[in-house]
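J.:
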Amino acid sequence: MKWIIKTEVVCVATLLTAEQQAYGRSLLTKFDQLEGFVPGEGSRNPVLVMVSEAPGRTEARVGHPFQGPAGIELDRWLTQLDLTRAQVYLTGAVRSRPYRVGKSGQKRDRRPSRVEVEASAPLLDAELAELKGRLLVPLGNTGLQRLLGSKFKISAVHGQLLKLPVRCWNAGQGRFETTATTYPIFPLYHPSYSKRFKKFLPVVNRDLEVLADYLQESRLN
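Quick note on numbering: the sequence shown equals residues 11 to 231 in my numbering.
1) To the nearest angstrom, report how far apart Thr27 and Gly34 are at their CA atoms.
2) Flag this pair as touching only if the segment 186 to 196 and the segment 62 to 69 have three or more C-beta atom pairs under 8 Å; answer yes or no.
3) Span of the beta strand (DSSP E) holding Ala190?
4) DSSP on Asn180, reduced to helix/strand/coil?
5) Tell me whether the beta-carbon of Val72 lies closer than 8 Å to the beta-carbon of Tyr99.
6) Where Leu141 and Lys113 are concerned, what is the direct C-alpha to C-alpha distance, given to the nearest angstrom?
7) Taking the alpha carbon of Thr94 as the point to measure from, which residue in Thr101, Asp217, Cys178 and Gly52 has its own alpha carbon closest?
8) Could you check what DSSP says for Glu219 in three-state terms: helix, strand or coil?
9) Just verifying my parser: in three-state terms, what is the DSSP assignment at Gly136?
10) So for Leu91, helix, strand or coil by DSSP?
11) Measuring from the CB of Ala103, is there a heavy atom of the ligand ADP at a distance below 7 Å?
12) Give me, in chain order, the residues of the same chain whose beta-carbon lies closer than 6 Å to that of Leu211; leave out the 5 immediate sequence neighbours on both sides.
13) Helix or strand or just coil, what does DSSP make of Leu171?
14) Whole angstroms are fine: how far does the CA of Leu146 sit from the CA of Leu198?
15) Please list the terminal residues of the continuous alpha helix (DSSP H) segment that includes Val72.
16) DSSP state of Asp85, grouped into three classes?
17) Who does Glu51 pair with in a DSSP beta bridge?
18) Identify whether Lys40 lies in helix, strand or coil by the three-state DSSP scheme.
This is the structure we're talking about:
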């Protein structure tokens, strides 16, 4: 099945420079099982910043985040939050599709490896440096742990407002450090998860209600 691509996504901007995008594409030559390149995109003055895991097959093909089934679910979320894609910034831990080849010879999505996340870290760091103090909404464990580390689990902190520094990559030391800036962080399950596992829909909808209330309060203050 072919999914209709949202026309509005071509009108929004990326915070990545041409040099940073070239670096992101160069990672395709360093890792065997990555394909495509999807820079972050959205508002330069976003209401919130969504940090996901990595592009899937459709995203890697068209070069825009959250297309296909996950994109349809995300658009439902944004409607519930009274937002559009033009009001948020969509980014991720890794910008190319991680895949493995199954027994049938077909490519299948997989979670990005630790070294892939580390190699991609400068891209997210550059975006967050332009978005200091913005509300961050990590989607799923990979987005959450890229920001806060492996001790944080989406099952434990989803739907809660956290106020913490986030991790940034120190290339000289070869490790993550924490930022001086503290961000409000509101973790959610990934749209593809709630799309696949219907039993989580009530949980996701409750989390969205809490986030919508927080956004409304922020607008009034």
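For glycine and all other residues, C-beta sits at the position ideal for the given N, C-alpha and C.
T.: Straight from the coordinates:
1) Taking the first residue of the sequence shown as position 1, residue 27 is located at position 17. Taking the first residue of the sequence shown as position 1, residue 34 is located at position 24. About 11 Å.
2) Flag = no, the segment 186 to 196 and the segment 62 to 69 do not touch.
3) For the purposes of this step, residue 190 is identified with residue 180 of the sequence shown, where counting begins at 1. Looking at the DSSP string, the run of the beta strand (DSSP E) that includes Ala190 is Arg185 to Ile195.
4) Here residue 180 refers to the residue found at position 170 when the sequence shown is read from its first residue. Strand.
5) By 1-based counting over the sequence shown, the position of residue 72 is 62. By 1-based counting over the sequence shown, the position of residue 99 is 89. No, Cβ-Cβ distance for Val72 and Tyr99 is not below 8 Å.
6) Walking along the sequence shown from the start, residue 141 turns up at place 131. Walking along the sequence shown from the start, residue 113 turns up at place 103. Each residue's alpha carbon lies about 43 Å from the other.
7) To locate residue 94, count along the sequence shown from 1; it is residue 84. The candidate whose alpha carbon is nearest that of Thr94 is Gly52.
8) Mapped onto the sequence shown, residue 219 falls at position 209. Glu219: helix per DSSP, three-state reduction.
9) Residue 136 sits at position 126 when you count from the first residue of the sequence shown. Before going further, note that residue 136 is Ala rather than Gly in the sequence given. Correct three-state label for Ala136: helix.
10) For the purposes of this step, residue 91 is identified with residue 81 of the sequence shown, where counting begins at 1. Residue state, collapsed to three classes: coil.
11) You won't find the ligand ADP in this model; it holds no ligand whatsoever.
12) One-based indexing of the sequence shown puts residue 211 at position 201. Closer than 6 Å at Cβ, skipping near neighbours: Ser204.
13) Numbered from 1 along the sequence shown, position 161 holds the residue referred to as residue 171. In the structure shown, Leu171 adopts coil according to DSSP, grouped into three states.
14) On the sequence shown, position 188 is the one that residue 198 refers to. On the sequence shown, position 136 is the one that residue 146 refers to. So the alpha carbons of these two residues sit roughly 10 Å apart.
15) Here residue 72 is taken as the residue at index 62 of the sequence shown, counted from 1. Segment Arg67 to Val72, the alpha helix (DSSP H) holding Val72.
16) The residue you call residue 85 lines up with position 75 of the sequence shown. Secondary structure of Asp85 (DSSP, three-state): helix.
17) If you number the sequence shown from 1, residue 51 lands on position 41. For Glu51, the beta-bridge partners assigned by DSSP are Leu100.
18) For this step, residue 40 is matched to residue 30 along the sequence shown. For Lys40, the three-state secondary structure derived from DSSP is coil.
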